[in-house]
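Those letters in the sequence shown? Residues -13 to 105, by my numbering.
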Amino acid sequence: MPLSKLAEQNVGYRAWPEQFDPQRPTILMVHGAGGRSEIWNAQLRPLGRNFNAIAIDLPGHGRTPGKACEQISEYAHWLVELMESCFEAPVVLMGHSMGGAICQKAALQGSTRIKALIL
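See the structure below:
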């Protein structure tokens, strides 16, 4: 289950619906610099009608502990590792501001876990 795997890895997140449905596609939302998963609150429920909508906290932000990364490429590497360890099916990455740059960099790394980007 992706949500329990996120929790096991100590990644802060918000999700709607609260129970992951493997039959639905997943949108993984990435906030911008200095942000946190709460910036996506207005989008979670509407997107959750048709998707597993999951907003994550990047390292050093919100409820994800640790030090914030210094480079976009470091966040992208972390994101790709997270997707590969937590999700079996490809996800749609949705990024705001710096989160968009992280999503683009992750896509350029060639991960098979990325279905599409929303920037």
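Cβ coordinates follow ideal geometry from the N, Cα and C atoms, glycine included.
For clarity, every value in this text was computed on a predicted model and none was experimentally measured.
CB of residue i within 8 Å of CB of residue j, strictly
i: Leu30; j: Val77; result: no
i: Pro3; j: Gly34; result: yes
i: Gly108; j: His82; result: Residue 108 falls outside the range modelled here, since the chain spans only -13 to 105, and no answer is possible.
Residue nearest to residue i in terms of C-alpha spacing, selected from the options
i: Met84; options: Glu70, Ile100, Lys101, Leu105; result: Leu105
i: Pro11; options: Ala93, His17, Ala39, Ala87; result: Ala39
i: Tyr(-1); options: Pro51, Asp7, Gly86; result: Pro51
i: Gln9; options: Ile58, Lys91, Asn36; result: Asn36
i: Met80; options: Ile25, Asp7, Phe6; result: Ile25
Whole-number beta carbon distance between residue j and residue i, since they are thought to touch under 8 Å
i: Val66; j: Ser97; result: 5 Å
i: Glu70; j: Arg99; result: 6 Å
Extent of the continuous beta strand (DSSP E) to which residue i belongs
i: Trp2; result: -1 to 2
i: Lys101; result: 100 to 104
i: Gly18; result: Note, Gly18: premise wrong, no beta strand (DSSP E); not H, not E.
i: Ala41; result: 38 to 42
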